[in-house]
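Engineer: Using this note's numbering, read the sequence shown as starting at 6 and increasing by one per residue. Even glycine gets a Cβ: it sits at the ideal position worked out from N, Cα and C. None of these values were measured; they are calculated from a predicted model. Let me begin by handing over the structure; questions about it come next.
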Amino acid sequence: MKKRNLGYLVTATVGITLLSGCNLVSTPKAIQTQVATQTVDPTGLQAVLASIDTMKGLSSFEVKAQIQEAAGKFNRQVDYYGSILLPHTVYVDETIGGNDYLVYQDGTFSYYRDNGHWYPMQPLTALKPWDSLRKLLTTNPPKVVDQLPTQTVVSWLCNVYQFTTSASPVIGGSSLTSTLGKTPSKALYTVWVDATDGKLRQIEVQSTIGVPEIGTASISSTELIFGENAINSLPVPQDLVSQVEKP
6 MKKRNLGYLV TATVGITLLS GCNLVSTPKA IQTQVATQTV DPTGLQAVLA
56 SIDTMKGLSS FEVKAQIQEA AGKFNRQVDY YGSILLPHTV YVDETIGGND
106 YLVYQDGTFS YYRDNGHWYP MQPLTALKPW DSLRKLLTTN PPKVVDQLPT
156 QTVVSWLCNV YQFTTSASPV IGGSSLTSTL GKTPSKALYT VWVDATDGKL
206 RQIEVQSTIG VPEIGTASIS STELIFGENA INSLPVPQDL VSQVEKP
């Protein structure tokens, strides 16, 4: 991957929707599911918005996510796992197409590490994925919200809501859509809400684009949010300090 593109992709992924360790589960195949039935829930939208409201007081959180893009022979997967200390500090490990990177940011001091060397990048700004979800649901609310059977994500029993509405900005700004020159107009969203405390636990977005001579291009992202308010500081990596201090 060219270095000029990495900062853009990191910006898109960290600020999503849909970023391993600690035995956490974030991929749909690994989630414990019941029978795949669904019913229309007239209060589903309010339940999702209420779960977003529970995130307002967060000072920090951890995130694990995966983005998959596929079109013809093109396939790419992005995985990331890391910590966010609001309002602007980030420490994230990222794997893009099998290549590993580390991102560190404190305000406008923003760098990524590739093959042992640190490079400056544009500061990440969209660090709270629930903000973009709220904006989407208030400006273009889904006509119907379905409730799926409860599912367990990690150790949390969750109510699961699903709806179709406009594709998120991240889906529209993915490397695949940029390459194809097309963006999806609609996307299928699945939201996991903690059945005990009402917190937003996980977001999944799936969308497809019809592409002449290729067929169907698909984009999906899944983001797990956990470890709320458990981080007090994110120290600068020592090798970054050493590199910056060199004359």
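1. Only counting the same chain, and skipping five residues up and downstream in sequence, which positions put a Cβ closer than 8 Å to that of Val249?
2. Ile224 and Glu99 look like a contact to me (Cβ under 8 Å); what is the Cβ gap, rounded to whole Å?
3. Can you give me the start and stop residues for the beta strand (DSSP E) that Thr195 sits inside?
4. Does DSSP classify Ile57 as helix, strand or coil?
5. Is the beta carbon of Ser56 closer than 8 Å to that of Val150?
6. Buried or exposed: Asp84, going by 16 or more other Cβ atoms within 10 Å of its Cβ?
7. Can you give me the C-alpha to C-alpha distance between Glu228 and Gln51, rounded to a whole angstrom?
8. Compare the Cα-Cα distances from Gly232 to each of Thr143, Phe114, Ala131 and Leu90 and report the closest residue.
9. Starting from Leu107, trace the alpha helix (DSSP H) in both directions and tell me its first and last residue.
10. Run the CB neighbour count on Asp244, radius 10 Å, all protein chains shown included, and call it buried at 16 or more, exposed below.
11. Within the same chain, show all residues whose beta-carbon is closer than 8 Å to that of Ser171, passing over the 5 residues directly before and after it, in chain order.
12. Who are the near neighbours of Gly102 in its chain, counting only those whose CB is closer than 6 Å to its CB and skipping five residues on each side?
13. Assign Phe168 to one of two classes, buried (16 or more other C-beta atoms within 10 Å of its C-beta) or exposed (fewer than that).
Structural biologist: Taking the geometry as given:
1. When the five nearest sequence neighbours on each side are left out, the beta carbons in the same chain lying within less than 8 Å of the beta carbon of Val249 are those of Trp123, in order along the chain.
2. The Cβ separation is near 17 Å, so there is no contact.
3. Unbroken beta strand (DSSP E) run through Thr195: Lys191 to Asp199.
4. Assigned with DSSP and collapsed to three states, Ile57 falls in helix.
5. Their beta carbons are not under 8 Å apart, which means Val150 does not touch Ser56 by this criterion.
6. Answer is buried; the Cβ neighbour count reaches 16.
7. Glu228 and Gln51: Cα-Cα distance of roughly 21 Å.
8. Comparing Cα-Cα distances from Gly232 to each of Thr143, Phe114, Ala131 and Leu90, the minimum goes to Leu90.
9. For Leu107, there is no enclosing alpha helix (DSSP H); the residue is found in the beta strand (DSSP E) stretching over Asn104 to Asp111.
10. Classification for Asp244: exposed.
11. Hits under 8 Å: Leu141, Asn145, Ser190, Lys191 and Ala192.
12. If the five residues before and after Gly102 are omitted, its C-beta is found closer than 6 Å to the C-beta atoms of Arg81, all from its own chain and listed in chain order.
13. By the neighbour-count definition (other C-beta atoms within 10 Å, threshold 16), Phe168 is a buried residue.
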